[in-house]
Structure formats: structure tokens, C-alpha cells
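S.K.: One gets the working numbering by counting positions in the sequence shown from 1 and adding 2 to each.
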Amino acid sequence: MSSATTPSTNIHTPYPDRLSVDNAAMLLIDHQEGFFGGIKSIDTTELRNNIIALGKLAKVLNMPTVLTSSFAQGINGSIIPELLELFPDLPVINRHLVNAWADPAYVEAVKATGRKKLIMSALTTDVCLVFPAIDAAKEGFEVYAVLDASGAWSKRAEDACVLRMNNAGVIMTTWVSVAAELLHDHLGSYKQAVQGVFNEHLFAYSAEGKEDGTQLQPA
3 MSSATTPSTN IHTPYPDRLS VDNAAMLLID HQEGFFGGIK SIDTTELRNN
53 IIALGKLAKV LNMPTVLTSS FAQGINGSII PELLELFPDL PVINRHLVNA
103 WADPAYVEAV KATGRKKLIM SALTTDVCLV FPAIDAAKEG FEVYAVLDAS
153 GAWSKRAEDA CVLRMNNAGV IMTTWVSVAA ELLHDHLGSY KQAVQGVFNE
203 HLFAYSAEGK EDGTQLQPA
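#1: If you measure between the beta carbons of residue 151 and residue 145, is that distance less than 7 angstroms?
#2: State the Cα-Cα distance for the pair residue 60 and residue 48, rounded to the nearest angstrom.
#3: Between the segment 34-43 and the segment 71-88, can you find at least three pairs of beta-carbon atoms closer than 8 angstroms?
#4: Sorted by chain position, which residues of the same chain lie with C-beta nearer than 7 angstroms to residue 65's C-beta, five sequence neighbours on each side aside?
#5: Alpha carbon to alpha carbon, what distance is there between residue 178 and residue 200?
#6: By Cβ distance, which residues of its chain are closer than 8 angstroms to residue 73, with the 5 residues on each side in sequence left out?
#7: For residue 93 and residue 135, what's the separation of their Cα atoms in angstroms?
#8: Over what stretch of residues does the alpha helix (DSSP H) that includes residue 46 continue unbroken?
#9: If we ignore side chains and look at the alpha-carbon of each, how far apart do residue 90 and residue 165 end up?
#10: Between which two residues does the beta strand (DSSP E) carrying residue 136 extend?
#11: Starting from the Cα of residue 114, find the closest Cα among 137, 169, 68 and give me that residue.
#12: Give the single residue among 189, 204, 185 whose Cα lies nearest to the Cα of residue 196.
What follows is the structure in C-alpha cells.
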């Protein structure tokens, strides 16, 4: 059979259906105050904005969400208050293990969501994101690594772990791309919720970011 008639197989997309509110869970990993001072791969003000935007998406779309922290009683500190305020009733799984996927309580909480698509962001990209992302992918989950809501100690460190995750089948993405994929339809039921997050966290796509004051509404 010629290559022209042979169907292609992409091992990186075991679940070819698109990312949606009904099939994905939001995993926010180790967004702790103690990490921000050392992040060099992205401006930390932008990083914080993107993390909060991702959390707000999960909140307004009522998506299953799991919060975890790494050794919060030590130098890493607590999860940023903006996330805790978004999810006041959601327990934070505090770990002593570096890799969240090595913590049985964390893995149990993720599997309890019943979702096979996992949207992950973490501080740091080269430790707290790469390890659980790869391990979850090995177990058959479709993992979306949100790179602009994660940060590393250097650009080179981030590049190395992005390559490693990509080779393991993890899907690289950004918070705006995640939001747009979840939105799916500009006339759909999520238009106001997603546009509200854009208005607050994507300045160029908000009414305030337009010189003429045009209200950007999906419909």
C-alpha cells in the first residue's frame, strides 16, 4: 500500500475529540508565592495574570478543579491568595513529594473527576509541571500543559522540559487557546462567561483595550 493511501496515526492524540467543559478537568499545581521570585522564563506580572485567568475559567465554567501545593509550610509558601479566593471551599492537597503524580491523594482526587483530559499549569514548569504531566500521559490521560500559566527558572530550562513533555505526548498550549477551545461557539452558552474572563485578563481583547471603547461581545 502506498503512503498516499495509508491512514496516518498520531500517537499524541489518543482522544481526538476537542477539549470541552464536559470532558476536561483543571489542575492548578504549586502556584505558590515562594516560587515567583525565581521565575525568569516569563514576566511574573503576566504570569500571575494568566494563572488567575485560568482559575477564573475553571470557576465560571464550573469545571472540576484540583489544587495542590508543595511543602507549603516551608520556603515555597502558600498558594497565591487569588486562587484561594476563587475556590474557598476546595481543599488544597499539600504534599511533601516533589512530583504531584507520586502523591496517592492527589492522583485519587484527579481520577475522581472522571475526566480524561487534564489541563495543567504549574510553578515551576521544569519541575512541578513536567513530572506530573509526563506521568499522567503515561497512564493514558490527555494532558494539556498551559505554558504561559507556568514558569521556569530560565528560558533554557523551560525549553528543555517542553521538549521532554512533547516527546511524551503532552499537548502544549496557552490559557487563551484553552479558553477559545472551551468556548467553541461564539453564539454558544459559554460566550458571556469566557468573554468576561477575556475582558478582565486579556487587555487587548477588552473594551478598555480599544481606543473607541467598542464592546467586544461574541454575539
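From the three backbone atoms N, C-alpha and C, an ideal C-beta is built for every residue, glycine too.
M.R.: Looking at the coordinates:
#1: Sequence index remark: in the sequence shown, residue 151 carries index 149 (1-based). Sequence index remark: in the sequence shown, residue 145 carries index 143 (1-based). Taking 7 angstroms as the Cβ cut-off, residue 151 and residue 145 do not qualify as a contacting pair.
#2: Counted from its first residue, the sequence shown places residue 60 at position 58. Counted from its first residue, the sequence shown places residue 48 at position 46. Between residue 60 and residue 48, the C-alpha separation is close to 19 angstroms.
#3: yes
#4: Position 63 of the sequence shown, counted from the first residue, corresponds to residue 65. Taken in chain order, the residues that qualify are 23, 26, 27, 28.
#5: Here residue 200 refers to the residue found at position 198 of the sequence shown. Here residue 178 refers to the residue found at position 176 of the sequence shown. So the two alpha carbons sit approximately 8 angstroms from each other.
#6: As a working mapping, residue 73 is identified with position 71 in the sequence shown. The answer, listed in chain order, is 96, 97, 98.
#7: Taking the sequence shown and counting its residues from 1, the one referred to as residue 93 is at position 91. Taking the sequence shown and counting its residues from 1, the one referred to as residue 135 is at position 133. Those two C-alpha atoms are separated by around 21 angstroms.
#8: The residue labelled residue 46 in the question sits at position 44 within the sequence shown. Here the alpha helix (DSSP H) through residue 46 covers 46-62.
#9: What you label residue 90 is simply residue 88 of the sequence shown in a count that begins at 1. What you label residue 165 is simply residue 163 of the sequence shown in a count that begins at 1. Taking the straight line from one Cα to the other gives about 35 angstroms.
#10: As a working mapping, residue 136 is identified with position 134 in the sequence shown. Unbroken run through residue 136 is the alpha helix (DSSP H), 132-140; no beta strand (DSSP E).
#11: Locating residue 114 in the sequence shown gives position 112, where the first residue counts as 1. The candidate whose alpha carbon is nearest that of residue 114 is 68.
#12: For this step, residue 196 is matched to residue 194 along the sequence shown. Among 189, 204, 185, the Cα nearest to that of residue 196 is on 185.
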